[in-house]
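**Q** After the structure tokens below, expect a handful of questions from me.
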Amino acid sequence: MKSFLNFKILIAIFIDLFLSGLSINISNYIRLNFLEDISLETLCASLLLPLIFIILGIYKFPWKYFSISDLWSLVKACLLANILIFLTIFIFNRLENIPRLVLILNLFTLVFFTGSIRIIYRSLSEKFAFFSSENKSRIPTLLIGAGDNADFFIRATERSDAIYNVIGIIHLDDNKNKEFLIRGVPVLGGVKNLNTVLDKLQLNNKSPQKIIITSRSLHATDISNIMKIVDAKGMTIGRSQSPNQLIEGNSINSQVKDISIEDLLGRRQNKLENSKMKTFLKNQTVLITGAGGSIGSELARTIISFGLKKLILLDINENSIFNLTQEFKNQLQKKIFV
């Protein structure tokens, strides 16, 4: 693997070497309107570009993930290389037959050529990544929230070790124009139309396996409604962590957490005094409404061991109730009513 990476760096060095020589030729042509023979000294001086790139660590930036910050580093490296190139030429022949304007033009052409080829490579990598076997083995994912966090999440999935393939985004504002893309991923609709969007994706055989909430401003009631839809569709749901953790380079795979009680309550969870509750509920008949939901089911799991006389579970979703009773079948035996 290491030798393969070294080979890729070697290819990049040869490409930059070629672009450095091409840049000087193009700069001369722009200034003089004709191609003049380039001296041997000038061609040798162009070797300085990949050398400066090596010293400044430009080849440590994979072209596949070339970013704005990488481009800025590239500009600074090109500026330094351009100055050294023309200093070298000046030492050899006092810039004979080379107009001073070429010094400025060469900086722009260097940045243009070396930056463009990296941007083109990244664009092609992203375009054809969808058809790769690596991408097809990932989990089809739908994001809730079309803000900066979604952008960070999608960017993080571009890493080769990511397990998520984002196929669409749901916007929180149902009245906002939704016909736009974020890093090539389409915004499919508003959060109120989530059920309709999922039905359409299912009809087109593009149904997601996981729903991930990236928005930090989603109300607890909305999260609860989303969970009901997701549960009915047989999908899983999670929530991404803050984008700061993603920027630090942590894998996106470890940054998706299950929906917590705090998310559903919209506040910190109050700690229950189980000993007092156990005394209060022992040998009592307890009815839990909405028992199929996240809060109701968690409450049922908490009090199931409190020595209840009967536990009555009430919910509109039969599947959720069935799964819950299967979970409890050995604990209260015939004392559970649904």
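Each number in this note's numbering corresponds to the 1-based position in the sequence shown with 54 added.
Ideal Cβ placement from N, Cα and C applies to all residues, glycine included.
1. In the structure shown, what three-state DSSP assignment does N377 receive?
2. Do I112 and L134 count as a contact pair if the criterion is CB distance below 8 Å?
3. Helix, strand or coil: which one does DSSP assign to I80?
4. Return the CA-CA distance between A66 and T275, expressed in angstroms with no decimal places.
5. For G288, which of helix, strand or coil comes out of DSSP?
6. Within 10 angstroms of its Cβ, does S81 collect 16 or more other Cβ (buried), or is it exposed?
7. Look up S170 in the DSSP assignment and give the residues it is bridged to.
8. Taking the straight line between their C-alpha atoms, what separation do you get for G292 and S374?
9. Which class does E104 belong to by DSSP, given the choice of helix, strand or coil?
10. Distance, Cα to Cα, S187 vs G344?
11. What's the C-alpha gap between R176 and W117?
12. Hey, could you find the ends of the beta strand (DSSP E) I224 is sitting in?
13. Expressed to the nearest angstrom, what Euclidean distance is found between the alpha-carbon atoms of S269 and F206?
14. From I106 to G199, what distance separates their C-alpha atoms?
15. List the endpoints of the continuous alpha helix (DSSP H) containing V129.
16. Quick one: what does DSSP say S179 is sitting in, helix, strand or coil?
17. Measure the C-alpha to C-alpha separation of N377 and L235 and round it to an integer number of angstroms.
18. Which same chain residues, not among the five before or five after D70, have their C-beta less than 8 Å away from its C-beta?
19. Could you name each continuous alpha helix (DSSP H) segment of 4 residues or more that falls completely within the stretch 341-370, going from the start of the chain to the end?
20. R237 and I267: beta carbons closer than 8 Å?
**A** On the basis of the coordinates in this document:
1. helix
2. no
3. helix
4. 52 Å
5. coil
6. buried
7. According to DSSP, which records beta bridges pairwise, S170 is partnered with nothing at all.
8. 18 Å
9. The sequence given here places Pro at residue 104; Glu does not occur at that position. Note: P104 maps to helix in three-state DSSP.
10. Summary for S187: the model assigns pLDDT 48, below 50, so the residue's position carries little reliability; its value from the coordinates is reported in the next sentence. Rounded to whole angstroms, S187 to G344 spans 42 Å at the Cα level.
11. 6 Å
12. 218-225
13. 11 Å
14. 42 Å
15. 122-147
16. helix
17. 38 Å
18. L103, P104, F107, T168
19. 348-357
20. no
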